[in-house]
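The sequence shown maps to residues 3 to 291 in the numbering used here. In what follows, a single structure is set out as structure tokens and then discussed.
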Amino acid sequence: MRQLNAIITGVAASVPDYILTNDELSTMVDTTDEWIMTRVGIKERRILKGTGQGISVLGTKAVAELLDKTGTAPGEVDALIFATSTPDHFFPSTASIVAENNQIKNAFCFDMEVACSGFVYGLEICNGLIKTGKYKKIILVAGDKMSAITNYTDRTTCPLFGDAAGAVLIEPTEEDLGIIDAELHADGIGYNPLHMKAGGSKYPASHETVDKNEHTVYQDGRVVFKYAVSRMAEVSESVMKRNNLTAHDVDWLVPHQANLRIIDATIERTGISRDKVMINIERYGNTSA
């Protein structure tokens, strides 16, 4: 038997209907459309409104669309993984909720929490599972309801984030296709400049943590920007070099949509033409995982 490769055979996504524009945001905090566009390149973002509406709502819709588009029966799914930093609950897993909502009964399900790296980390996990030969159909969901952990009185962070979920079906193939290579890193230096302080076991929820807005994203934008600009460009260049790829060989670069200037730095470093780069940050903002 030839070596199995993991290939994405279907893609689906779900976003909320409500659009929060820069103009509306400027009525909430001291900011302007020009200021936001200049610094991060975001014009609008989607927000999931309504009491009791967690990220499972968007994940459920994305998976339902994925099953329909690919003609996959719920009983055929072997695993469902949900990458998110904003789960419905600490437990049960949001993956299990989404599976139940789509009548997926035979799969093992779990959440993984690696913030903005969620989809890429998840893809590598799915790649490894497929290569064992044991699993035939794996659904990877990545999504966040960032509005749930955004401080809308903080002008430095509230323009950045939006809500969305995406789902892909990953299957094995013996063809010379699929996931070729990956390069993943983590550096604990990012703990202080980007975190949500409270809500976990270190600082459980209390009146004090709520009053101090410690259940929302804290970010030192300058530090995060400096690190992200260099590292995203470095790993992109490294993977290309290791696989003997030139900028001309690359059909599409699909970067994390955190900041338009970070994307531009990666474009410059890799030499990939801008018309080959997928950019939707202007319409959706940073949807994290």
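Ideal placement from N, C-alpha and C gives every residue a C-beta, glycine not left out.
>> Pairs of beta-carbons, one from the segment 216-224 and one from the segment 181-191, closer than 8 Å: are there three or more?
In response: no
> What's the call for T268, buried or exposed, on a 16-neighbour Cβ count within 10 Å?
Replying inline: Along the sequence shown, one-based indexing puts residue 268 at 266. A residue is called buried when at least 16 other Cβ atoms come within 10 angstroms of its Cβ; T268 meets this threshold and is buried.
>> For G202, tell me which candidate among F93, I49, T11, G61 has the shortest Cα-Cα distance.
In response: Stepping through the sequence shown from its first residue, residue 202 is reached at position 200. Minimum Cα distance to G202 is reached at F93.
> At what residues does the beta strand (DSSP E) containing D113 begin and finish?
Replying inline: Working through the sequence shown from its first residue, we reach residue 113 at position 111. Segment 110-114, the beta strand (DSSP E) holding D113.
>> Could you tell me the alpha carbon to alpha carbon distance between L68 and S238, rounded to whole angstroms?
In response: Start at 1 with the first residue of the sequence shown, and residue 68 comes out as number 66. Start at 1 with the first residue of the sequence shown, and residue 238 comes out as number 236. One C-alpha to the other measures close to 28 Å.
>> For a minimum of 4 consecutive residues, which ranges assigned as the alpha helix (DSSP H) are wholly contained in the segment 72-145?
In response: 96-103, 120-133
> Between which two residues does the beta strand (DSSP E) containing S16 stretch?
Replying inline: The residue you call residue 16 lines up with position 14 of the sequence shown. Its beta strand (DSSP E) spans residues 7-16.
>> Using only CA atoms, which one of D165, A75, K133 lies nearest to G180?
In response: As a position in the sequence shown, residue 180 is number 178, starting the count at 1. Nearest of D165, A75, K133 to G180, Cα basis: K133.
>> Along the chain, where does the alpha helix (DSSP H) containing V42 start, and where does it finish?
In response: Counting from one through the sequence shown, the residue named residue 42 turns up at place 40. Here V42 belongs to no alpha helix (DSSP H), and DSSP marks it neither H nor E.
> Just reading off the alpha helix (DSSP H) that G168 is part of, what are its end residues?
Replying inline: As a position in the sequence shown, residue 168 is number 166, starting the count at 1. That residue, G168, is in no alpha helix (DSSP H); its beta strand (DSSP E) goes 165-175.
> Is I181 helix, strand or coil when you go by DSSP?
Replying inline: Counted from its first residue, the sequence shown places residue 181 at position 179. Reduced to three states, the DSSP call for I181 is coil.
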